[in-house]
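The block underneath contains the structure these notes are about, expressed in structure tokens.
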Amino acid sequence: QKEVEQNSGPLSVPEGAIASLNCTYSDRGSQSFFWYRQYSGKSPELIMSIYSNGDKEDGRFTAQLNKASQYVSLLIRDSQPSDSATYLCAVFSGSARQLTFGSGTQLTVLP
Amino acid sequence: GAVVSQHPSWVICKSGTSVKIECRSLDFQATTMFWYRQFPKQSLMLMATSNEGSKATYEQGVEKDKFLINHASLTLSTLTVTSAHPEDSSFYICSARGLGTSTYNEQFFGPGTRLTVL
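Same order as they appear, the protein sequences are chains H and W.
So the first sequence is numbered by the numbering used here: it starts at 14 and just counts up by one.
So the second sequence is numbered by the numbering used here: it starts at 13 and just counts up by one.
Spelled out as structure tokens, the structure:
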């Protein structure tokens, strides 16, 4: 079983819709959770961090964390074509002292 | 957010030559730096982790004598691909974590270096 799992997609949503990206992780001791956006041919860019159960909002982005279910999600409201990218879920494990990345979900926002 | 730079952004070299890639943290001290490799349409693959002043820890399957990593200061790490071959062609990305960024173990990525070995 992979440590961090994401649906690979591709996920397509129309412009203006809500895009929902999901991630599950296996290490119950995980402490910090991150979402990175990676455009084709570019390096990952950190867009959201979340550490406590519940929701965290930043502009059009909302990260949701449920440690009991070992689940973290990212919602993108009012999706724009410029949001089209691969979104990587990353989980920090205190025991490993490093981030473990999911394989990423490719999102396409259709104009 | 914290800024990480990489140089060069792209390099083309002949088979058998060595290539050095620099990774710098510009506005924070990077106590730990990570080197990743990414092939087209594949996910990030961690190659090694380096702490300032210590030897790098390599992931299983990564040849430490081929991929030399030096983390001599809190703002600079280098990756040298020795005797590069076409199969080493890839996108190499560094990331850094350290003092003054956050207490929550965020990692910030450099822009990457695209290596093509002819």
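In this text, a Cβ means the ideal position worked out from N, Cα and C, and glycines have one as well.
Bear in mind the structure is a predicted one, so any value in this text is a computation, not a measurement.
Short of 9 Å Cβ to Cβ, which residues in the segment 33–49 of chain H face chain W? Gln44, Ser45, Phe47, Tyr49
Interfacial residues, the segment 94–128 of chain W to chain H, with Cβ spacing under 7 Å: Ile105, Tyr116, Asn117, Glu118, Gln119, Phe120, Phe121, Gly122, Pro123, Gly124
Judging by CA-CA distance, which residue of W:Thr87, W:Glu75, W:Arg109, W:Ser107 is the nearest neighbour of W:Thr94? Translated into the one-based positions of the second sequence, residue 94 of chain W becomes position 82. Comparing Cα-Cα distances from W:Thr94 to each of W:Thr87, W:Glu75, W:Arg109, W:Ser107, the minimum goes to W:Glu75.
Which residues in chain W have a C-beta closer than 9 Å to the C-beta of H:Gly67? List them in chain order. On the first sequence, position 54 is the one that residue 67 of chain H refers to. By Cβ distance, chain W contributes nothing, its closest Cβ being about 15 Å from H:Gly67, past 9 Å.
First and last residue of the beta strand (DSSP E) that includes H:Pro27? Taking the first sequence and counting its residues from 1, the one referred to as residue 27 of chain H is at position 14. Note, H:Pro27: beta strand (DSSP E), 24–27.
Taking a contact to mean a Cβ-Cβ separation below 9 Å, would you say H:Gln19 touches H:Ser116 in this structure? Position 6 of the first sequence holds residue 19 of chain H. Position 103 of the first sequence holds residue 116 of chain H. For H:Gln19 and H:Ser116, yes; Cβs fall inside 9 Å.
9 Å Cβ cutoff, H:Lys80 in contact with chain W: If you number the first sequence from 1, residue 80 of chain H lands on position 67. No, no contact with chain W.
CA-to-CA distance, W:Val16 to W:Val31, given in whole angstroms: If you number the second sequence from 1, residue 31 of chain W lands on position 19. If you number the second sequence from 1, residue 16 of chain W lands on position 4. In a straight line, the C-alpha of W:Val31 is about 20 Å away from that of W:Val16.
Does W:Thr29 come within less than 9 Å of chain H when only Cβ atoms are used? The residue labelled residue 29 of chain W in the question sits at position 17 within the second sequence. No, no contact with chain H.
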